[in-house]
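Protein chains in written order, with this note's numbering: chain A, 1 to 220; chain B, 1 to 220; chain C, 1 to 220; chain D, 1 to 220; chain E, 1 to 220; chain F, 1 to 220; chain G, 1 to 220; chain H, 1 to 220. Just so you know, even glycine gets a beta-carbon here, dropped at the ideal spot from N, CA and C. The model shown is predicted, which means the values in this text are computed figures rather than measured ones. Structure, as C-alpha cells:
There are 8 protein chains.
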Amino acid sequence: MTITLRPGTTVMFTGDSITDSQRLESEDGLGFGYPLRIAGEWGFRHPDRPVTWLNTGIGGHKTMDLKVRWQTDVLDARPDVVSILVGVNDMGWHTIDPDGHVIPAEDFAAAYDRLLAPLAAAGTELILIEPFLLPISGSVQAGDTHVDEEIRKEWRADLDPKIQVVRDLARTYGAHLLAADGMFAELSAATGPEYWAADGVHPTPAGHAALAAAWLRLVE
Amino acid sequence: MTITLRPGTTVMFTGDSITDSQRLESEDGLGFGYPLRIAGEWGFRHPDRPVTWLNTGIGGHKTMDLKVRWQTDVLDARPDVVSILVGVNDMGWHTIDPDGHVIPAEDFAAAYDRLLAPLAAAGTELILIEPFLLPISGSVQAGDTHVDEEIRKEWRADLDPKIQVVRDLARTYGAHLLAADGMFAELSAATGPEYWAADGVHPTPAGHAALAAAWLRLVE
Amino acid sequence: MTITLRPGTTVMFTGDSITDSQRLESEDGLGFGYPLRIAGEWGFRHPDRPVTWLNTGIGGHKTMDLKVRWQTDVLDARPDVVSILVGVNDMGWHTIDPDGHVIPAEDFAAAYDRLLAPLAAAGTELILIEPFLLPISGSVQAGDTHVDEEIRKEWRADLDPKIQVVRDLARTYGAHLLAADGMFAELSAATGPEYWAADGVHPTPAGHAALAAAWLRLVE
Amino acid sequence: MTITLRPGTTVMFTGDSITDSQRLESEDGLGFGYPLRIAGEWGFRHPDRPVTWLNTGIGGHKTMDLKVRWQTDVLDARPDVVSILVGVNDMGWHTIDPDGHVIPAEDFAAAYDRLLAPLAAAGTELILIEPFLLPISGSVQAGDTHVDEEIRKEWRADLDPKIQVVRDLARTYGAHLLAADGMFAELSAATGPEYWAADGVHPTPAGHAALAAAWLRLVE
Amino acid sequence: MTITLRPGTTVMFTGDSITDSQRLESEDGLGFGYPLRIAGEWGFRHPDRPVTWLNTGIGGHKTMDLKVRWQTDVLDARPDVVSILVGVNDMGWHTIDPDGHVIPAEDFAAAYDRLLAPLAAAGTELILIEPFLLPISGSVQAGDTHVDEEIRKEWRADLDPKIQVVRDLARTYGAHLLAADGMFAELSAATGPEYWAADGVHPTPAGHAALAAAWLRLVE
Amino acid sequence: MTITLRPGTTVMFTGDSITDSQRLESEDGLGFGYPLRIAGEWGFRHPDRPVTWLNTGIGGHKTMDLKVRWQTDVLDARPDVVSILVGVNDMGWHTIDPDGHVIPAEDFAAAYDRLLAPLAAAGTELILIEPFLLPISGSVQAGDTHVDEEIRKEWRADLDPKIQVVRDLARTYGAHLLAADGMFAELSAATGPEYWAADGVHPTPAGHAALAAAWLRLVE
Amino acid sequence: MTITLRPGTTVMFTGDSITDSQRLESEDGLGFGYPLRIAGEWGFRHPDRPVTWLNTGIGGHKTMDLKVRWQTDVLDARPDVVSILVGVNDMGWHTIDPDGHVIPAEDFAAAYDRLLAPLAAAGTELILIEPFLLPISGSVQAGDTHVDEEIRKEWRADLDPKIQVVRDLARTYGAHLLAADGMFAELSAATGPEYWAADGVHPTPAGHAALAAAWLRLVE
Amino acid sequence: MTITLRPGTTVMFTGDSITDSQRLESEDGLGFGYPLRIAGEWGFRHPDRPVTWLNTGIGGHKTMDLKVRWQTDVLDARPDVVSILVGVNDMGWHTIDPDGHVIPAEDFAAAYDRLLAPLAAAGTELILIEPFLLPISGSVQAGDTHVDEEIRKEWRADLDPKIQVVRDLARTYGAHLLAADGMFAELSAATGPEYWAADGVHPTPAGHAALAAAWLRLVE
C-alpha cells in the first residue's frame with residue numbers, strides 16, 4: 001500500500017515555509033528542508049530510478065494562497081505524486097488574513113478540497129501531511145510573533161480543527177496521511193520539543209529528518 | 001528509554017470505558033480491552049517475569065471522577081507503573097457534567113495534574129495515552145448519543161485542547177506519551193476509521209491490539 | 001499445511017465458556033478470551049485481509065447443547081472456518097447432565113461427530129482444540145464446585161477419553177488439531193498451572209494468549 | 001530455564017522398550033531410539049563438551065520393575081541428569097502384571113515417586129517424558145497383542161491417569177516435562193499416527209527424531 | 001547439484017556392517033547407524049515428502065558379496081537413489097577372503113563397477129561413500145582381530161588403493177562422493193579418533209551423526 | 001577505527017561553498033548541503049546523544065582565507081571534531097587570487113598545514129575531505145565561469161596536486177580521509193556526473209547525500 | 001548494473017607490471033597479482049560457472065605498447081570482458097619514452113581510445129582501473145628509480161591528468177570504472193601506504209586483495 | 001579451537017613446490033599459491049592485525065630436504081605458527097631419491113617427526129596439510145614425468161601411507177590437520193580433478209583458493 005516511484009516519476013512538494021525552506025535561494029530549488037532530504041536520499045539510494053523532484057512551497061502561504069497559484073504552480077507541471085503540507089498559516093500565526101480575518105476551518109476545508117479535486121480527477125497520487133505545532137512551553141519567538149502560553153492555546157484552538165479537515169480529506173480522496181502532529185508530540189516527550197522544532201513550527205534538521213523518514217516509508 | 005518490567009512489578013491501567021472495557025464482569029478484572037491484551041501477551045512471552053496487572057478504569061469517568069477515587073483506587077495500590085487514558089468523557093460526550101457544565105481544558109489540566117503529582121513524588125513511572133476520536137464520517141450511534149458531523153466537530157473542538165494538556169503534562173512530568181489520536185488517524189487512512197473504532201471512540205479488537213502493540217513498545 | 005485466511009473469510013469460534021468468555025456482554029460479541037485476541041492480532045497485522053470473526057460459544061454448554069443450536073448458530077452463518085473447543089462440561093464439571101446423568105464418551109463422540117459431518121460435507125476448514133484440565137494441586141474453587149484431589153481425578157477419568165475422541169475425529173475429518181491439554185501441562189511445569197488457569201479450566205490472560213498464539217500458527 | 005550440559009556430565013536415559021530399543025545388542029549400549037539420536041547429535045555438535053550417555057531402559061518394564069533395579073542401574077552411576085520415559089507397560093499392554101493384576105494409578109504414582117525422591121535429594125536434574133499412545137485406528141498388532149478399538153480404549157482409560165501422575169510429579173519435583181502424548185497427537189493430525197509410531201507405541205525413526213528434537217530443546 | 005527427494009522416492013543404503021548396524025534386529029529394518037539417522041531426520045523435517053528408506057547392508061560383506069545379491073537385494077527394489085558404503089572388508093579386516101585370498105584393488109574395482117553399471121543404465125542417482133579407517137593408535141580390538149600398529153599399516157596399504165577406486169568410479173559414473181576417510185581424520189585431530197569410531201572402523205553415535213550430516217547435505 | 005560522537009560533542013564543518021551551502025540564510029546555520037544532512041540524520045537516529053553541529057564554511061574561500069579567520073571561526077569554538085573540505089577555490093576556479101596569482105600547491109600545503117597544527121596539538125579529531133571535480137564533459141556554466149574542456153584540464157592540473165596535499169596531510173596528522181574525488185568519479189561512471197554535481201563542483205542533493213553517507217561511516 | 005559472468009565467458013586482464021605480475025613464469029599464466037586472486041576466488045566459489053581467465057599484461061608497458069600488440073594479444077582472443085589497468089608507465093616512471101620523451105596526456109588519451117574503440121564496437125564489456133600512485137613519504141626505491149618527494153610530485157603531475165583520461169573514457173564508452181587511486185589513498189590513511197604498496201606502485205598481497213575485492217564487486 | 005592471529009604474529013609456510021610456487025621470483029617472497037592468498041586475504045580483512053608471513057617452501061623438496069635446512073630456514077625465524085605441506089616428493093614423483101631410493105614411509109615419518117619435535121618444544125602452533133594427489137585419469141604430463149594409470153597407482157601406493165603418517169603426527173603433536181586429499185577428491189567429483197589441479201599435484205588458482213579458504217577456517 002505504498003506508492004511506487006518509477007524512473008521518470010515527477011513528485012511535487014508544495015505548501016508553506018516548512019516545505020519552501022528557502023527554496024528560491026537554493027540552486028536546486030528544493031530548499032533545505034524535508035523535500036531536499038527526500039530527494040537526496042532517494043537519489044543516492046536509487047540512481048537507477050531517477051525522479052524529478054519539484055518544490056513549490058511558499059513561506060507564509062495559506063491554503064487559499066495555494067489555490068490562486070494551483071494551476072500554474074502545480075497542475076501545469078503534471079506531477080505524478082503531490083505531497084501537501086499546509087495549514088499552519090491558516091492558523092492565526094501571522095494573525096491577520098490578507099482579507100482581514102482568521103480563516104474558519106470550513107473555508108480551509110473548502111479551499112483544500114478544491115486543491116485535491118483536480119488532482120484526484122487526474123489520477124495523481126496524494127500525500128497529505130498534517131499541519132503541526134509542537135508543545136513548546138514558556139515564551140518563544142516564532143516568526144514575527146512573541147508566543148506565550150495564551151497565544152499557543154489560541155493557535156491550537158485554531159489549528160486542531162484544521163488537522164481534522166486534513167484527516168477527513170485524506171479519507172475522502174484515498175490519500176496517504178502522515179500524522180505529523182502526533183509524531184512530533186511523541187518524539188518530544190523524550191527530548192523536549194525544541195529538539196525537533198525550536199519555535200514549535202519550523203523543524204530543526206533532526207525534525208526535517210524525522211519528516212523525511214516518515215515520508216520515505218510511504219514510497220518504494 | 002523504555003520502562004523495564006521486573007518480576008513483581010505492579011502495573012495499573014486506569015481511565016474510562018476504553019480502559020474499563022467491562023472489567024468488573026471479567027474474572028481477572030482486566031476487561032477485554034488493551035489492558036487484557038498487554039497482560040496476556042506479556043504473561044505469555046515472559047513467564048519468568050510475572051507482573052501484577054491492575055485495571056481501575058471506570059466507564060464514563062472524567063478526570064475529576066478519577067480524582068475522587070485516586071487515593072483508594074490508585075495510590076493505595078502502590079503501583080510501580082501507572083498508565084492513564086482519560087479525557088474523552090471530559091469532552092462533551094455525555095453532554096452534561098455531573099456538576100452541570102462542560103469541563104474547560106483548564107479544569108481538565110488542573111485535575112489531571114493533581115493525579116500525576118503524587119505519583120511523580122513517589123517515583124512512579126508514568127505512561128500517558130492521548131484521548132482520541134477517530135475521523136468517522138456520516139451519522140453513528142456513540143454511547144447514548146446520535147452523532148452527526150456537527151456534533152463531531154463540537155467534540156473535536158472540546159477534545160483537541162485536552163490532547164494538548166496531556167502532551168504538556170507528559171513533558172512536565174517526564175512521562176512516556178502514546179500519541180494515540182494521530183496513530184488512529186494514520187491507520188484509518190488506509191482502511192476507514194470503522195475498522196479501528198466503529199463509533200470513533202471505542203476500539204474494535206484490532207484497535208485494542210494496535211493500542212497494546214504501541215504500549216508494549218514502551219516497556220521491556 | 002496451514003489454513004489461508006483470504007479477505008472476506010468468515011471464521012467461527014464455538015464451544016463453551018472458555019470460548020464464550022462473556023461475549024454477550026462485549027460490544028463486538030467476541031468475549032475477552034482467545035477469540036478476541038486472535039481477531040485483534042490478525043486484524044492489526046493484516047488490515048488488507050479483513051476477516052469476519054464470529055463467536056457462538058455459550059458458557060456451560062456440552063457437545064449436545066451445541067448440537068441443538070448448530071443449524072441456527074453455526075451452519076446458517078456459512079462460515080469458511082470453524083474452530084471448536086468443547087468437552088470440559090461433558091466432563092462431570094457441573095456434575096449433573098440436564099438429562100440427569102454424566103455423558104459417556106461414546107455419546108460425546110457421537111454428538112461431536114454430528115457437529116462435524118455437515119461442515120465437512122460443505123468443505124469447511126476445521127480446527128479442533130482439545131478440551132483441557134490443568135494439573136492444579138490442592139483444593140480450589142472451580143465454577144460452582146469445590147475441587148479437591150479426588151474430584152480432579154474423577155474429572156480426568158471422564159475427560160481423558162473425550163480428549164481421545166477429539167483426536168480421533170480430527171483424524172477422521174482431516175481437521176487441524178490443537179493439543180491444548182499437553183501444551184498447558186508443559187507450560188505449567190515451569191510456572192505452576194495457576195499461572196495459566198487459576199481453576200485449572202478457565203485460562204488467565206496469559207493462558208488465552210498461549211491458546212491464541214498456538215491457533216494463529218495454524219493460519220496464514 | 002534449560003539444563004546446561006557441561007563437559008563430563010553424565011546423562012542417563014531409563015525406562016522401557018522405547019528407551020531400551022535393543023540397547024543390549026548395540027555396541028555403544030544406547031539402542032537405536034531417541035537416546036542414540038540425542039547422544040549422536042550432541043556429540044557431533046559439541047565435541048568440546050563430551051557427555052557420558054547411559055541407557056538403562058529395559059523392554060517391558062513397569063515403574064515397579066525400575067524400582068527393583070534403581071540403586072544398581074541408576075543411583076550407583078551417580079548421573080547428573082536422569083531422563084525417564086515409563087508407563088506404557090503399567091498400562092494393560094502385556095495384560096497381566098507379574099503380581100497378577102493391572103497396576104492402579106496410585107501404585108504407579110507411589111512407585112514413580114520413590115524413583116524420583118533419591119534423585120531430587122541428590123540434586124539430580126530430572127526430565128520426565130509423558131508415556132504416550134498414538135491414536136491409531138483399525139486393528140493392529142502391538143507387541144504380543146492384537147489391538148482393536150475396544151482394547152485401545154481400555155488402554156487409554158488406564159494410561160491417561162498415569163500421564164496425569166507424571167505431570168503431577170514433574171510439578172512436585174520441579175522436573176522438566178516433555179508432553180509427548182499431545183505432541184504425537186498433533187503431529188498425527190497431518191500425517192496419520194502410523195507415520196510416527198506404527199503400532200501406536202514404538203516410534204518410527206521419524207518419531208524418535210521428534211522425541212529427540214523435543215528433548216534437545218530442554219538442554220544447552 | 002544436490003539430489004532432490006520427492007514424495008514417494010525410494011532410497012536404498014547398502015554395504016557392510018557400518019550400514020547394516022544390526023538392521024535385522026531393528027523393527028524398522030534400518031539398523032542403528034547413519035541410515036536410521038538420515039531416515040529419522042528427513043522424516044521429522046519433511047512429513048510432507050515421505051520417502052521409502054531401505055537398508056540392505058550386511059555385516060562383513062565385501063564388494064563381491066554385494067554382487068551376488070545385487071539383483072534381488074538392490075535392483076529388484078527399483079530404488080531411485082542408491083547409497084553405497086563398502087570396502088573395509090575388502091581390506092584384510094577378516095584376514096582371509098572366502099575364496100582364500102586378499103582381494104586385489106583391481107578385483108575390487110571390477111566388482112564395484114559391475115554394481116554401478118546397471119544402476120547408471122537405469123538412471124539411478126548414486127552416492128558413493130569412501131571406506132574409511134580412523135587413525136587410532138595403540139592396540140585395540142576391532143571385530144575378531146587384535147589390531148596393533150603393524151596390522152593397521154597393512155590395512156591402510158590395502159584400503160588406500162580401494163579408496164582411490166571409489167573416487168575413480170564416482171568420476172566415471174557421475175556419482176556424488178562423500179570423502180569420509182579425510183572427514184574423520186580431520187575431526188579426529190581435535191578429539192582423538194576414538195571419539196568418532198572406537199575401533200577405527202565402526203562409528204560411535206557421534207560418528208554416525210557426522211556421516212548422516214554429510215550425507216544430508218547431498219540431498220534436498 | 002571510527003570516531004565516537006558522545007553526548008555534548010561539538011562537530012565543526014568548515015571550508016568553502018560546498019560546506020557553506022547558504023548557511024547564513026538558513027535558520028539553523030548549517031546550510032542545505034552535507035553538513036545539514038549529517039546533523040539531521042544523526043539527530044534523528046540518536047536523540048539520546050545530542051551533538052552541537054557548527055558550520056563555518058564560506059563560499060569562495062581558499063585555504064588562506066580559512067587561515068585568516070581560523071582562530072575566531074574554528075579554534076575559539078573549541079570543537080571536538082573538525083571536518084574540512086577546501087581546495088576547489090585554490091584551484092583556478094575564480095581565476096585570480098585576491099593577491100593576484102594562482103595559489104601554488106606548496107602554498108596550499110603550507111596554509112592547510114597551519115590549519116591542522118593547532119587542532120592536532122589540542123587533540124581534536126580530524127576529518128579531511130578531498131576537494132573534487134567531477135568529469136563533466138562538454139561546456140557548462142560553473143559559478144562565474146564558462147567551462148570548456150580546456151579550462152577543465154587546467155583546473156585538474158591545478159587541483160590534482162592539492163588532492164595529494166590533502167592525502168599527505170591526512171597521513172601526517174593521523175586524520176581520517178574521505179576520498180571524495182574518486183568516489184564521485186566511480187558513481188559518475190554509471191549515471192553521468194551531472195547526476196551528482198551539475199557543474200562538476202557543487203553537489204546535487206543526491207551528491208550531498210553521497211558525501212553525508214560516506215562521512216557518517218567514519219563516526220559512530 | 002554488474003557484469004554477469006556466464007559459463008564459458010572469457011575475461012582478459014591486460015596492462016602493465018601490476019597486471020603482469022610475473023605471469024610468464026607462472027604455470028597458469030595469470031601471475032601472482034589481482035588477476036590470479038580473481039580467477040581463484042571466482043573459480044572456487046562458482047565451479048558451476050567456469051570462466052576462461054587470460055592475462056596479457058606486460059611489465060613496463062605503456063598504452064602505446066598495448067596498442068602495438070592489441071590485435072594479437074587482445075582482439076584475436078575475442079574476450080567477452082576486458083579489464084585494463086595501464087598508465088603508471090605513461091607517467092615518467094622509467095623517465096624516458098622509447099621515442100625519447102614523456103608521453104603527453106593527449107597522446108595517452110588517444111592511444112587508450114584506440115584500444116577501446118574496437119572492443120566497444122564488438123560489444124565487449126569493459127572494466128577500466130584507474131592507474132594509481134600511493135602517497136608514500138620519504139625516499140624509496142621504485143623499480144630502477146630512487147624516489148624522493150620531488151620526483152613523486154613530478155610523477156603525480158604527470159599521472160593525475162591520465163587518471164582523468166581514464167575517467168573520461170569510462171564515461172564515453174559506458175565502461176565500469178574502478179577508482180583505485182582514491183581507494184588506496186583512503187586505505188592508506190589508517191595504516192600507511194606501505195601496507196598496501198611498498199613502493200607506492202606495486203601492491204602488496206593485501207593491496208592485490210583489495211583490488212580483487214573491488215573488481216569482484218563489479219561482476220556476478 | 002582455532003588459532004588466534006594477534007598483531008605481530010609470525011606465520012611460516014613451508015614445504016615443497018605447492019608452497020614455494022615461485023616465491024623466489026616474487027617480490028614479496030610468498031610465491032603465487034595458497035600462502036600468497038592467505039596473506040593477502042588476511043591483510044585486506046584485518047589491517048588492524050598485521051601478521052608477518054614467511055614462505056620457505058622449495059620446489060622438489062622432500063621431508064629430508066626440509067630437515068637439512070630446518071634450523072636456518074624455520075627455527076631461526078622463531079615463527080609463532082608453522083604450516084607444513086610436504087610429502088608429494090617423498091612419493092616416487094621424481095622417481096629417484098638423491099640417495100638413490102624411494103623413501104619408505106617409516107623414514108618419512110621419522111624425518112617429519114624430527115621437524116615437529118623442536119617446534120612443539122617451543123610451543124609453536126602447528127598446521128599440517130596432508131599431501132594430496134587428485135584422481136586425474138588418462139595420461140598427463142606432471143613435472144618431468146609422463147603419468148599414466150600405472151604410474152599413478154604406484155604413486156598412490158607410495159603416497160597413501162605418508163598421508164597416514166601426517167595424520168598420526170597431527171594426533172601426536174596436537175596439530176591442526178587440513179585433510180586436503182579428501183577435500184580435493186570430493187570437489188573433483190562434480191567438476192573433474194583438472195579443474196582443481198591440472199596435473200593432479202599442482203593446484204590451479206581455484207585449487208589454491210580452496211586450500212586457502214580451508215586454511216583460513218583454522219585461524220581467526
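Among the CB atoms of chain D, none fall inside 8 Å of the CB of C:G200. Our two residues, F:Q164 and A:A198, have alpha carbons roughly 42 Å apart in a direct line. For H:E25, the neighbours in chain G by C-beta distance under 7 Å run, in chain order, Q22 and E25. At least 8 Å separates the beta-carbon of D:L119 from that of D:V88. At a cut-off of 8 Å, the C-beta of D:M1 has a neighbouring C-beta in chain C. No Cβ-Cβ contact shorter than 8 Å links C:H208 with C:R23.
Close partners of E:D28 in chain D (Cβ separation under 8 Å): T204 and P205.
Annotated three-state conformation of E:W42 is helix, per DSSP. Counting C-beta pairs closer than 8 Å gives fewer than three between the stretch 9–23 of chain G and the stretch 48–61 of chain F, which falls short of the contact rule. Contact note: B:L177 reaches chain A through A185, E186 and A189, using a C-beta cutoff of 7 Å and chain order. Along the stretch 155–167 of chain H, the positions whose C-beta sits under 7 Å from a C-beta of chain E are R156, A157, D160, P161, Q164 and R167, read in chain order.
H:K162 sits away from H:L115, with the two beta carbons spaced by 8 Å or more.
Judged by pairs of C-beta atoms under 8 Å, the stretch 172–182 of chain C touches the stretch 164–182 of chain D, as three or more such pairs exist.
DSSP, reduced to helix, strand and coil, places E:T10 within a strand of the structure shown. A:T72 sits exposed, since fewer than 16 C-beta atoms from the chains shown fall within 10 Å of its C-beta. Restricting attention to G:G31, G:W155 and G:H202, the CA atom closest to the CA of G:M91 is found in G:W155.
Within the stretch 140–198 of chain B, the complete alpha helix (DSSP H) runs of at least 4 residues fall at 149–173 and 180–191. Bounds of the alpha helix (DSSP H) holding D:E106 are A105 to A121. Across the set C:T2, C:S21, C:W53 and C:T63, the C-alpha of C:S21 shows the shortest separation from the C-alpha of C:V201. Closer than 8 Å to the CB of C:Y195 there is at least one CB belonging to chain B. Close CB contacts of C:T10 within its chain, under the 6 Å cut and outside five residues either way in sequence, are with T52, P79 and D80 (chain order).
Residue pairing of B:N55 in beta bridges, as defined by DSSP: B:F13.
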